[in-house]
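Colleague:
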Amino acid sequence: MVDQREIEDRFASVDFDEVAFELHDDFLRMKHALVSRRKESGLTQEQVSRFLGTTKARINAFEQYYYDPKASEIRAYALAVMMRLHTDCQAFISQSAQWAFYMDEPDTTVMSPASSGRSMAEDYTLSVTVRD
1 MVDQREIEDR FASVDFDEVA FELHDDFLRM KHALVSRRKE SGLTQEQVSR FLGTTKARIN
61 AFEQYYYDPK ASEIRAYALA VMMRLHTDCQ AFISQSAQWA FYMDEPDTTV MSPASSGRSM
121 AEDYTLSVTV RD
């Protein structure tokens, strides 16, 4: 079984906390751009809600910092404020390092799914503690 220390050693050059922060920051910037567009266009939450066939309360919730919308809600809101979304996905570790993590050699500490009765993902989630 892979323990947290082994994962940290294997990916010591990758700051996962920093990557997670950047992903969240990118998401918040996108939401901010959408809401800013609504306001700059002079559209009210009521107008956007009518266009989308929902309530003003749902639009207000969408615009809050804490609200984590589904992808379909983001697309609908973007359509309502007439903005096109472009995504830019970039790997933050090399593909070979990623494959090495998920497809570890049988003679290492990762148990094979057949011998453990669990998938590697299940094995990983059981052995790693997430810290806030």
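The sequence shown: position 43 = 43 (the UniProt record's numbering), numbered continuously.
Ideal placement from N, C-alpha and C gives every residue a C-beta, glycine not left out.
Looking at Val-35 and Thr-73, is the spacing between their C-beta atoms short of 7 Å?
Modeller: Per the sequence presented here, residue 73 reads as Glu, with Thr not at that position. No, Cβ-Cβ distance for Glu-73 and Val-35 is not below 7 Å.
Colleague: Okay, do the stretch 47 to 61 and the stretch 76 to 96 touch, 3+ Cβ pairs below 8 Å being the bar?
Modeller: Yes, the stretch 47 to 61 is in contact with the stretch 76 to 96.
Colleague: Identify whether Ala-80 lies in helix, strand or coil by the three-state DSSP scheme.
Modeller: In this structure, Ala-80 counts as helix in the three-state DSSP scheme.
Colleague: Whole alpha helix (DSSP H) runs in the UniProt domain "HTH cro/C1-type" (34 to 78) with 4 or more residues, listed along the chain?
Modeller: Those alpha helix (DSSP H) runs which fall completely within the UniProt domain "HTH cro/C1-type" (34 to 78) and span 4+ residues are 45 to 52, 56 to 62.
Colleague: In three-state terms, what does DSSP make of Ser-96?
Modeller: Looking at Ser-96 - three-state DSSP - the assignment turns out to be helix.
Colleague: Where Lys-39 and Val-81 are concerned, what is the direct C-alpha to C-alpha distance, given to the nearest angstrom?
Modeller: Whole-angstrom Cα-Cα distance: 9 Å.
Colleague: Looking at C-alpha atoms only, which residue of Phe-21, Thr-55, Asp-26, Phe-16 is the closest neighbour of Leu-85?
Modeller: Leu-85 has its Cα closest to that of Asp-26, out of Phe-21, Thr-55, Asp-26, Phe-16.
Colleague: Can you tell me whether DSSP reads His-86 as helix, strand or coil?
Modeller: His-86 falls in the coil class under three-state DSSP.
Colleague: Rounded to a whole number of angstroms, what is the C-alpha to C-alpha distance between Ala-91 and Glu-46?
Modeller: So the two alpha carbons sit approximately 39 Å from each other.
Colleague: With a 10 Å radius around its C-beta and 16 neighbouring C-beta atoms as the bar for buried, classify Lys-70 as buried or exposed.
Modeller: Looking at its Cβ environment, which holds fewer than 16 other Cβ atoms inside 10 Å, Lys-70 is exposed.
Colleague: Put Asp-15 into one of helix, strand or coil per three-state DSSP.
Modeller: Asp-15 falls in the coil class under three-state DSSP.
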